[in-house]
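If you count the sequence shown from 1, position 79 lands on 79 in my numbering, and the numbers rise without skipping.
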Amino acid sequence: MTRATDVLARLAVMRQGDVPVHGGRTLAYVYDSGLAEVDQVGRDAVAAFAGSNGLDPTAFPSLLQMENDLVAFAARLLDAPDTVVGSVTSGGTESVLLAVQTARDAHPEITLSRRGATMVIPSSAHSAFHKAAHYFGVRAVVVPCGPDLRADPAAMAAAIDDTTVLVVASAPSYAHGVVDPVTEIAAAAAARGVRCHVDACIGGWVLPYAARLGRAVPPWTFAVDGVTSVSVDLHKYGYAPKGSSLLLHRTPALRKPQFFASAAWPGYTMLNSTMQSTRSGGPTAGAWAVVQTLGDEGYEKLALEVFEATERIAGGIAGIDGLHLLATPDSTLVALTTDDTCDPFTVCDEMGTRDWYVQPQLSYQGLPANLHLSVSAATLPHVDEFLEALADSVRAARAAGPVQVDPGVAAYVAALDPASISDDDFDGLLVAAGLVGGDAVEGGGLALPTRMAEVNALLDVASPPLREAVMVAFLDRLSRPTAN
Ligand SMILES: Cc1ncc(COP(=O)(O)O)c(C=O)c1O
1 MTRATDVLAR LAVMRQGDVP VHGGRTLAYV YDSGLAEVDQ VGRDAVAAFA GSNGLDPTAF
61 PSLLQMENDL VAFAARLLDA PDTVVGSVTS GGTESVLLAV QTARDAHPEI TLSRRGATMV
121 IPSSAHSAFH KAAHYFGVRA VVVPCGPDLR ADPAAMAAAI DDTTVLVVAS APSYAHGVVD
181 PVTEIAAAAA ARGVRCHVDA CIGGWVLPYA ARLGRAVPPW TFAVDGVTSV SVDLHKYGYA
241 PKGSSLLLHR TPALRKPQFF ASAAWPGYTM LNSTMQSTRS GGPTAGAWAV VQTLGDEGYE
301 KLALEVFEAT ERIAGGIAGI DGLHLLATPD STLVALTTDD TCDPFTVCDE MGTRDWYVQP
361 QLSYQGLPAN LHLSVSAATL PHVDEFLEAL ADSVRAARAA GPVQVDPGVA AYVAALDPAS
421 ISDDDFDGLL VAAGLVGGDA VEGGGLALPT RMAEVNALLD VASPPLREAV MVAFLDRLSR
481 PTAN
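Below, the structure written as structure tokens:
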């Protein structure tokens, strides 16, 4: 074996420990069209442009062309006016970060004022906005959602004040899969002269096709007055390889603060449209190739399939004793929970043993712990199998009984203040949680538990700041170099 084939063989072995990216059985993190030709063209394009650099459009005009083509395609999809402009970013988080940074830097007088800049976000907004708050010093004013889990437009409007640089809505929210009332929220923002960003990272490429197919989709695109920017990910329901998203602004003037130039050094004048400087051409080319291959017709067909799958899954869940939906899906995301005869975390583990990956979501502000599904077109042929596995998993979880956290441990955890815990305490906590040691599986230097129900149950009784601190401590211990 040559060295290169040996290396590739080793990669293939390592990948066996990952959740599959194809087959429609992984219902978070990956989005599978189920079309081998589409995957192949995306991968070939990534490989062909992996060494190209989007840093300089004059040196790599091909990447500029692809970016402009992608933005033009998205503009049509999102009912954008002729003035719209956009950028390819590395993912939803980068698109969100840039939307916030741009809004902040459009108002230096607010940013530099004593009170500082704020953004009004619904409690269902993606955590990328909290990351943006953390990075850019824009305080998030978090407004609780209504009982239907959608943003409350009256409360959002009331939260806007002289410090607000951005108002946010989701189409749909990741956690519950519902579309916020964008018309009212954008109108409230516009009335105060404030930007309104619609985070359609996960739904932006599939909802327009749903609307074209005649499904009822609440208004959320640039067709809504007052919407100033939209983020939409190509690497989700654009079914493109990982590493591409778009951020669109209604006008060039709105985008301007997003750009960064620096001539304040002796090298090349740095000119960036995104947070990256050197930017691999791979993801842009991969997304371009997939979008060109599928075209509107291909996406329409995939939308038909994914919505049929979502509806059958949602209907099937309603028919399984012990389960119910948190909300009727507006898009292709499903949030389901259990009654008190079992718990979602055990159901999640049981699904794992049946080769289905579903994602646990911890309880939050009165909402119960639940399971998230991002349904893919490739899941459609397997829906019956999925529902059987789910019904079996519920039966198994009921037989096991709800996962218990020792009341003493729960009380101890609930009282912990993450700010005052030492590294040694964290080590103890990670062992107690089963996140390291015990029956953990060793592989490539990682130590991951085989079953997560007990870990999730323990995290579930912890406060959100403690959850964050424990997870950071966990990641810190996972991310250590291994001997070769
Ligand atoms: C609504 C929404 N916004 C932002 C993001 C962040 O995207 P990424 O994980 O690509 O950074 C996601 C991811 O699921 C999302 O659903």
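Even glycine gets a Cβ: it sits at the ideal position worked out from N, Cα and C.
- Taking Phe136 as the centre and dropping the five residues before and after it, the same chain places the C-beta of Val100, Gln101, Arg104 closer than 7 Å to its C-beta, in chain order.
- Judged by the Cβ position, Thr93 qualifies as a neighbour of ligand 1 at the 7 Å threshold, a heavy atom of the ligand being closer than this.
- Ala169: member of the beta strand (DSSP E) spanning 164–170, first to last residue.
- Rounded to the nearest angstrom, the Cβ distance from Ala287 to Leu336 is 31 Å, too far for a contact under 8 Å.
- Assigned with DSSP and collapsed to three states, His176 falls in coil, not helix or strand.
- Nearest neighbour of Ala117 by Cα position, chosen from Val165, Trp205, Val88, turns out to be Val165.
- At least one heavy atom of ligand 1 falls within 7 Å of the beta-carbon of Val96.
- The Cβ neighbour count for His176, taken over all protein chains shown within 10 Å, is at least 16; the residue is labelled buried.
- Inter-residue distance for Asp225 and Lys256 is about 20 Å (C-alpha atoms, whole angstroms).
- Taken through DSSP and simplified to helix, strand or coil, Gly282 comes out as helix.
- Looking at the DSSP output, Gly86 sits in a beta bridge with Leu248.
- Contact check for Thr450 against Val403 fails: the beta carbons are separated by 8 Å or more.
- If you check the CB distance, Ser90 and Gln276 come in under 8 Å.
- Distances taken from the Cβ of Cys196 to the heavy atoms of ligand 1 include none shorter than 7 Å.
- Beta-bridge pairing by DSSP links Ala140 to Met119.
- Exclusion of the five residues before and after Thr251 leaves Thr83 as the residues of its chain whose Cβ lies within less than 6 Å of its Cβ.
- Placement of the Cβ of His176 at a distance of 7 Å or more from every heavy atom of ligand 1 is found.
- Gly86 sits close to Leu246, with the two beta carbons spaced by under 8 Å.
- With 16 or more other Cβ atoms inside 10 Å of its own Cβ, Ala125 counts as buried.
- Listed in chain order, the alpha helix (DSSP H) elements of length 4 or more contained wholly in the stretch 184–250 are 207–212.
- Taking Ala187 as the centre and dropping the five residues before and after it, the same chain places the C-beta of Gly226 closer than 6 Å to its C-beta, in chain order.
- Going by beta carbons, Ser52 and Gly281 fall inside the 8 Å limit.
- A distance of 8 Å or more separates the beta carbons of Ser127 and Pro144.
- When DSSP reads this structure, His324 sits in a beta bridge with Thr337.
- When DSSP states are grouped into helix, strand and coil, Phe60 belongs to the coil group.
- Note on geometry: alpha-carbon atoms of Gly434 and Met119 lie some 38 Å from one another.
- Residue pairing from DSSP places Met270 in a beta bridge opposite Ser262.
- Going by C-alpha positions, Asp349 is about 13 Å away from Arg395.
- Closest option to Thr183, judged by alpha-carbon separation, among Tyr209, Gly238, Asp152: Asp152.
- Checking the DSSP bridge columns, you'll see Asn370 partnered with Gln361.
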